[in-house]
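Numbering (full-length UniProt numbering), first residue to last: 1 to 156. Ideal Cβ placement from N, Cα and C applies to all residues, glycine included. Below is one structure, written out as structure tokens; comments come after it.
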């Protein structure tokens, strides 16, 4: 059974910061398209607007945030970035986060989601979920067009 992501509020800021600070340099680059310093991560977490944006997470039994996705909403467009701690990968956590976040985006009336980094794993997950992904096949960005799932196109 797929894990069920939880909506995060401002109360989760310390856990989000701890999660992102646990990422190594390669993972920080994959998440942010840059190797953010610890201070840079702190500033990013402080700026998350929980009233506007949607954040989802998955937790370990000990309460640690092991997977996190941030859907930053801007009118009918959103930006999406996710991270999963290295020891927790290949267990379907990112897929569960993306599936939930993209459903939330559709429910919010979002028409287009930009992948913050265009990371190959993120692109693959979106395609596996049936969402068309446009843009270059590498970094830094890719676009997901909502309301145009591939299965719907095939049926038309």
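Practice prompt. Assign residue 151 to one of three DSSP states: helix, strand, or coil.
Written response: The predicted model places residue 151 with a pLDDT of 48, which falls under 50 and marks its position as unreliable; any figure quoted below should be read in that light. In the structure shown, residue 151 sits in a helix (DSSP, three-state: H, G or I).
Worksheet item: Who are the near neighbours of residue 61 in its chain, counting only those whose CB is closer than 8 Å to its CB and skipping five residues on each side?
Response: none
Worksheet item: Who are the Cβ neighbours of residue 55 in its own chain at under 6 Å, not counting the five residues just before and after it?
Response: 8 and 70
Worksheet item: Alpha carbon to alpha carbon, what distance is there between residue 111 and residue 31?
Response: 22 Å
Item to complete: Starting from the C-beta of residue 41, find all residues in its chain whose C-beta is less than 7 Å away, skip the five residues before and the five after it, and write them out in chain order.
Response: 17, 20 and 21
Discussion item. With the cut-off set at 7 Å, would you say residue 105 and residue 113 are in Cβ contact?
Written reply: yes
Practice prompt. May I have a chain-ordered list of the beta strand (DSSP E) segments no shorter than 3 residues that lie completely inside the segment 45-72?
Written response: 54-59
Worksheet item: With respect to the alpha helix (DSSP H) encompassing residue 112, which residues constitute its N-terminal and C-terminal limits?
Response: Residue 112 -> not in any alpha helix (DSSP H); beta strand (DSSP E) instead, spanning 112-115.
Worksheet item: Going along the chain, which residues of its own chain have a beta-carbon closer than 6 Å to the beta-carbon of residue 84, five neighbours each way excluded?
Response: 67, 93 and 94
Worksheet entry | Three-state secondary structure assigned by DSSP to residue 108 | coil
Item to complete: Might you give, ordered along the chain, the residues of its own chain that have their beta carbon closer than 8 Å to the beta carbon of residue 45, omitting 5 neighbours on each side?
Response: 13, 16, 17 and 20
Worksheet entry | Rounded Cβ spacing between residue 101 and residue 80 (contact assumed at less than 8 Å) | 6 Å
Worksheet entry | Limits of the unbroken alpha helix (DSSP H) element including residue 128 | 120-128
Worksheet item: Given a threshold of 16 other Cβ atoms within 10 Å of its Cβ, counted over all protein chains shown, does residue 155 qualify as buried or as exposed?
Response: Annotation note: pLDDT 46 at residue 155 (below 50); position unreliable, coordinate value reported separately. Exposed: under 16 other Cβ atoms inside 10 Å.
Discussion item. Assuming the contact rule is C-beta atoms closer than 8 Å, residue 96 and residue 146 should be a hit. Round their C-beta distance to whole Å, please.
Written reply: Going by Cβ atoms, the distance from residue 96 to residue 146 rounds to 18 Å, so no, they are not a contact pair.
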